[in-house]
């Protein structure tokens with residue numbers, strides 16, 4: 057099991073550019089979560105999917121952020137246009153649907169918007 | 142609504158000393174409880190979890206936690222700290238009813254281990 061795979065590991069982009077973060081969850085996991093972590097705000101849940109359907113996107117900061125999960129093995133988080141305040145580490149995590157399972161996190165994408 | 146409170150955002154111990162990281166929760170349903178560890182520049186890793194079986198839960202790296210319903214607590218302990226234990230620790234709670242799949246997170250406790 058390769059775990060949750062995120063790409064890229066690091067991204068540096070200029071303000072106004074589009075940024076796409078990618079995530080491959082663990083096979084067999086039904087739920088997928090996108091988190092953002094900063095020193096100021098800690099760990100924030102942006103959106104989560106269950107069986108590829110967005111269940112709760114109340115954490116998405118604004119319309120510049122969008123997330124998709126076209127199939128069970130792939131999800132993207134897009135920021136368009138990006139702003140310096142979007143600089144953070146973005147984590148993807150997956151989990152089985154039922155039972156007391158925790159999440160398995162990816163290694164994160166460190167985004168810097170200059 | 143569920144919530145998690147981690148007492149102490151920073152804890153410092155000497156190498157070989159007892160580690161105690163505190164977590165209190167509120168939940169209207171029997172909870173699932175988790176401790177995660179985050180090493181610098183890494184993702185979060187599951188340390189241990191409580192899922193209504195044994196109240197004393199053993200995890201990786203010598204950590205354990207005890208679920209105390211009467212105190213609504215799930216404190217994390219380790220008898221003897223190692224330098225490699227220096228990291229950020231997060232407590233989380235998840236309801237086990239309905240469609241609630243979200244973890245509710247504490248703000249984290251940064252553990253420093255002094256030689």
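Residue numbers (our numbering), protein chains in the order written: chain H, 57 to 170; chain B, 142 to 256. Cβ atoms here follow ideal geometry from the backbone N, Cα and C, with glycine treated the same way. Predicted, not measured: the structure shown is a model, and the values here were computed from it.
- Nearest to residue 135 of chain H by alpha-carbon distance, out of H:60, H:65, H:151 and H:70, is H:70.
- By the C-beta density criterion, residue 199 of chain B is exposed, having fewer than 16 other C-beta atoms within 10 angstroms.
- In this structure, H:78 is the residue among H:120, H:102 and H:78 with its C-alpha nearest to the C-alpha of residue 162 of chain H.
- The Cβ atoms of residue 158 of chain H and residue 177 of chain B sit closer than 9 Å to each other.
- In this model, residue 97 of chain H and residue 74 of chain H are separated by some 23 Å (Cα to Cα).
- For residue 156 of chain B, the CB contacts under 7 Å within the same chain, skipping 5 residues up- and downstream, are 222, 223, 224, 254, 255 and 256 in chain order.
- Annotated as proximal: residue 206 of chain B and residue 216 of chain B, with beta-carbon spacing under 9 Å.
- Neighbours of residue 183 of chain B across chain H, judged by C-beta separation under 7 Å: 163.
- Among the residues facing chain H, residue 204 of chain B is not included, as its CB has no counterpart in that chain under 9 Å away.
- Counting along the chain, the unbroken beta strand (DSSP E) around residue 98 of chain H starts and ends at 98-106.
- With a 10 Å radius around the Cβ and a threshold of 16 neighbouring Cβ atoms, residue 119 of chain H comes out exposed.
- Your pair residue 185 of chain B and residue 204 of chain B does not check out as a contact, with CB atoms roughly 14 Å apart and the cut at 8 Å.
- Considering only H:109, H:142 and H:83, the residue with the shortest C-alpha distance to residue 168 of chain H is H:142.
- Looking from the CA of residue 248 of chain B, the closest CA among H:63, H:81, H:93 and H:59 belongs to H:93.
- Look at residue 219 of chain B: its C-beta is not under 9 Å from any C-beta on chain H.
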